[in-house]
Amino acid sequence: MTDAPARALSAPRLVATDLDGTLLRPDGTVSPRTAAALLRAADAGVEVVFVTARPPRWLQDLASHVAGHGVAICLNGAAVLDVGTGRVLAERGMSSALVGRIADRIRTAWGGPDEVHLATESAGGFAHETRFRSLHPVPSGSPSADRIEDVLGTSTCKLLVRTARTPGQGYADALAAVVGDLAIVADSGAHGLGEISGPGITKATTLADWAASRGIDPADVWAVGDAPNDLSMLGWAGTSFAVANAHPDVAAAATRRCASNADDGVADVLDLAGALAEDVLGSSR
534 MTDAPARALS APRLVATDLD GTLLRPDGTV SPRTAAALLR AADAGVEVVF VTARPPRWLQ
594 DLASHVAGHG VAICLNGAAV LDVGTGRVLA ERGMSSALVG RIADRIRTAW GGPDEVHLAT
654 ESAGGFAHET RFRSLHPVPS GSPSADRIED VLGTSTCKLL VRTARTPGQG YADALAAVVG
714 DLAIVADSGA HGLGEISGPG ITKATTLADW AASRGIDPAD VWAVGDAPND LSMLGWAGTS
774 FAVANAHPDV AAAATRRCAS NADDGVADVL DLAGALAEDV LGSSR
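Each residue of the sequence shown is one higher than the one before, counting from 534 in my numbering.
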């Protein structure tokens with residue numbers, strides 16, 4: 534841990550952590566050390582919530598690592614999931630009409646359906662245009678059509694955008710300029726993939742609502758992240774940590790630093806939170 538002495542910190546009630554590039558190691562696993570730190574934090578009375586761009590279907594393997602409440606805020610804030618049961622507790626999706634407007638705007642700006650390929654994530658699963666190429670396995674039976682409008686459900690948590698444009702450093706910013714005030718474009722670090730959520734939906738807004746429902750103030754929250762889509766959450770929390778492998782904008786915005794995801798930086802943060810909480814609160818067992 535760098536930038537300030539640990540004794541300057543007070544024990545958090547909640548640690549909110551991103552997953553990919555942050556808590557998870559580069560191979561996508563939870564290290565034994567991090568698993569132990571999660572348990573120690575829970576034993577000390579510190580709640581830990583995962584806050585991620587991942588859809589619900591990508592969280593099943595992490596159920597054993599979410600102690601106590603078992604909650605993850607996923608899809609960049611568009612859904613709250615009980616990881617243990619897979620039940621969606623809250624959903625803040627876009628209507629089919631709004632998704633259609635966004636799709637039309639992107640196609641018009643970027644060359645039409647031959648150049649713009651779309652997919653969606655919702656509480657019900659994944660749907661995609663036939664030309665959309667996913668870097669991850671597509672679930673069997675996922676609806677597909679030439680136009681995403683033909684396979685939309687009643688609520689879309691995230692609209693995914695791939696285009697024939699050469700993806701670069703400013704891809705998310707360019708997409709945000711096209712989408713305008715219709716919705717929020719997030720940059721989770723996925724190369725060449727645009728991620729769009731409904732207006733006002735970010736990791737921070739949903740985390741703030743969830744914390745408030747539990748009587749937790751921002752001052753009592755630590756947040757950890759690595760990518761630009763974590764900036765809202767890091768700015769909201771009373772104390773923020775950037776992992777050593779973080780995007781430069783995240784490193785500049787966070788109040789503190791920790792080791793990289795390859796070196797179990799989140800475990801360091803959790804161990805510190807647990808140690809402080811044990812001194813202040815005593816063990817919860």
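The C-beta atom is built at its ideal place from N, Cα and C for all residues, glycine as well. Predicted model, so just to flag it, every value in this text is computed and none were measured.
Rounded to the nearest angstrom, what separates residue i and residue j at their Cα positions?
{"i": "VAL548", "j": "PRO588", "result": "20 angstroms"}
{"i": "SER765", "j": "THR735", "result": "7 angstroms"}
{"i": "VAL671", "j": "HIS661", "result": "9 angstroms"}
{"i": "HIS669", "j": "ALA707", "result": "24 angstroms"}
{"i": "ARG566", "j": "ARG638", "result": "46 angstroms"}
{"i": "ALA777", "j": "ASP560", "result": "17 angstroms"}
{"i": "THR739", "j": "SER628", "result": "18 angstroms"}
{"i": "ALA710", "j": "ASP812", "result": "49 angstroms"}
{"i": "GLY554", "j": "ASN794", "result": "6 angstroms"}
{"i": "ILE717", "j": "ALA636", "result": "13 angstroms"}
{"i": "ARG818", "j": "ARG790", "result": "Because the pLDDT of ARG818 is 37, which lies under 50, any placement of that residue in the model is unreliable, and the number read from its coordinates should be weighed accordingly. Approximately 30 angstroms, taken between the alpha carbons."}
{"i": "THR641", "j": "ALA785", "result": "36 angstroms"}
{"i": "SER746", "j": "SER597", "result": "24 angstroms"}
To the nearest whole angstrom, what separates the beta carbons of residue i and residue j, a pair I think is in contact under 8 angstroms?
{"i": "LEU622", "j": "VAL616", "result": "Not a contact, Cβ separation roughly 10 angstroms."}
{"i": "ALA505", "j": "GLU648", "result": "What is shown of the chain runs 534 to 818, which leaves residue 505 out entirely."}
{"i": "THR585", "j": "LEU631", "result": "Actually they are not in contact, since the Cβ atoms of THR585 and LEU631 sit about 23 angstroms apart, beyond 8 angstroms."}
{"i": "VAL581", "j": "LEU571", "result": "6 angstroms"}
{"i": "ALA652", "j": "LEU608", "result": "Between LEU608 and ALA652 the Cβ distance is about 13 angstroms, and since that is not below 8 angstroms, they are no contact."}
According to the Cβ coordinates, are residue i and residue j closer than 8 angstroms?
{"i": "PRO761", "j": "ASP720", "result": "yes"}
{"i": "THR689", "j": "GLY645", "result": "no"}
{"i": "ALA605", "j": "LEU592", "result": "yes"}
{"i": "HIS780", "j": "GLY722", "result": "yes"}
{"i": "ALA752", "j": "GLY771", "result": "yes"}
{"i": "LEU809", "j": "LEU542", "result": "yes"}
{"i": "THR562", "j": "PHE583", "result": "no"}
From the options, pick the residue whose C-alpha is nearest to that of residue i; which is it?
{"i": "LEU557", "options": "LEU805, GLY674, ASP797", "result": "ASP797"}
{"i": "PHE633", "options": "ALA795, ARG566, GLU682, SER746", "result": "Note that residue 633 is Gly in the sequence shown here, rather than Phe. The candidate whose alpha carbon is nearest that of GLY633 is GLU682."}
{"i": "GLU654", "options": "ILE639, SER730, LEU809", "result": "SER730"}
{"i": "GLY703", "options": "ILE717, HIS724, ALA716", "result": "HIS724"}
{"i": "ARG664", "options": "ASP679, SER673, GLY674", "result": "ASP679"}
{"i": "ARG590", "options": "SER673, SER746, ASP742", "result": "SER673"}
{"i": "VAL712", "options": "TRP643, ALA741, ALA744", "result": "TRP643"}
{"i": "PRO732", "options": "TRP743, LYS691, ALA792, ILE749", "result": "LYS691"}
Got a sec? Which residues, its chain only, sit under 6 angstroms from residue i by beta carbon, not counting five neighbours each side?
{"i": "SER773", "result": "ALA756, LEU767, ALA787, THR788"}
{"i": "GLY619", "result": "none"}
{"i": "GLY657", "result": "GLY686"}
{"i": "ALA569", "result": "none"}
{"i": "PRO676", "result": "ALA660, VAL684"}
{"i": "ALA705", "result": "VAL718, ASP720"}
If you drop the 5 nearest sequence neighbours on each side, which residues of the same chain put their C-beta closer than 8 angstroms to that of residue i?
{"i": "VAL783", "result": "GLY758, ASP759, ALA760, PRO761, ASP763, LEU764, LEU767, ALA775"}
{"i": "ARG666", "result": "HIS650, ARG695"}
{"i": "ALA737", "result": "GLY610, SER765, MET766, GLY768, TRP769"}
{"i": "ALA741", "result": "PRO751, TRP769"}
{"i": "SER564", "result": "ARG558, ASP797, ALA800"}
{"i": "LEU792", "result": "Position check: residue 792 holds Ala in this sequence, whereas Leu was assumed. Closer than 8 angstroms at Cβ, skipping near neighbours: VAL776, ALA777, GLY798, ASP801."}
Counting only the same chain and skipping the five closest in sequence on each side, list residues whose C-beta sits under 7 angstroms from that of residue i.
{"i": "ALA806", "result": "ALA544, PRO545, VAL548, ALA574, VAL579, TRP755"}
{"i": "GLY603", "result": "ASP615, VAL616, GLY617"}
{"i": "ILE749", "result": "ARG546, LEU547"}
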